[in-house]
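Novice:
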Amino acid sequence: MSVRRLIAATAASAGLAAASALGQAPAPSASAASAAAAPDFERIGRFIYAFFRAGGGDAQDLEKPGRAAGVPSALAVRAHRLTVRFDAAVEMADAVPDAELRAILDEAAAVHAAIAAWRGTDRPLPAASSSSS
0 MSVRRLIAAT
10 AASAGLAAAS
20 ALGQAPAPSA
30 SAASAAAAPD
40 FERIGRFIYA
50 FFRAGGGDAQ
60 DLEKPGRAAG
70 VPSALAVRAH
80 RLTVRFDAAV
90 EMADAVPDAE
100 LRAILDEAAA
110 VHAAIAAWRG
120 TDRPLPAASS
130 SSS
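All residue numbers for the sequence shown refer to numbering that gives the first Met the number 0, where the first residue is 0 and numbers rise by one.
1. Could you pull the start and end residues of the alpha helix (DSSP H) that residue 66 belongs to?
2. Going by DSSP in three states, residue 82 sits in which element: helix, strand or coil?
3. Do the segment 39-54 and the segment 67-75 meet, that is, are 3 or more Cβ pairs less than 8 Å apart?
4. Could you tell me if residue 85 is buried or exposed, where buried requires 16 or more neighbouring beta carbons within 10 angstroms of its beta carbon?
5. Can you look up residue 113 in the DSSP assignment and give me helix, strand or coil?
6. May I ask you to report which of helix, strand or coil DSSP gives residue 61?
7. For residue 76, which three-state DSSP category applies?
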């Protein structure tokens, strides 16, 4: 390691500006670099929690085998689109604007209300029945 690099590394880790005296910008600390690159887990975590609180889990339940029996096709398609949007938002996390997250949460509440109206109850969907002979 060259003397300049050694001085720059020492200055950066100690938070000193000595590296600039040598005409080099101090290297960013490892914690600052990882913080800038790390996704905002708190934001996406709040979104996931809010999605299920808004009833988005009902839309996901309709995706399970045997759970969508008798569901009107328009409602099943709407629930499927919501599930796809939710999965994409979670996958992309920080790249999704707040307005899109809000729109997904609004749609989750609307789909939940539509499922509840179709079923005639706001209770969770019943578990899929399994027939054992």
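Here a beta-carbon is modelled for each residue, glycine too, at the ideal position from N, C-alpha and C. All values reported here derive from a predicted model rather than from experimental measurement.
Specialist: In brief:
1. Translated into the one-based positions of the sequence shown, residue 66 becomes position 67. No alpha helix (DSSP H) holds residue 66; DSSP gives it neither H nor E.
2. Position 83 of the sequence shown holds residue 82. The answer is helix: DSSP assigns residue 82 an H, G or I state.
3. By the C-beta criterion, the segment 39-54 is judged not to be in contact with the segment 67-75, since fewer than 3 inter-stretch pairs fall below 8 Å.
4. Translated into positions along the sequence shown, residue 85 becomes position 86. The residue in question, residue 85, is buried, as its Cβ has 16 or more Cβ neighbours within 10 Å.
5. Counted from its first residue, the sequence shown places residue 113 at position 114. Correct three-state label for residue 113: helix.
6. In the sequence shown, the residue the question calls residue 61 occupies position 62. Three-state DSSP puts residue 61 in coil, outside helix and strand.
7. Here residue 76 corresponds to residue number 77 of the sequence shown, with the count starting at 1. Of the three classes helix, strand and coil, the one that applies to residue 76 here is helix, per DSSP.
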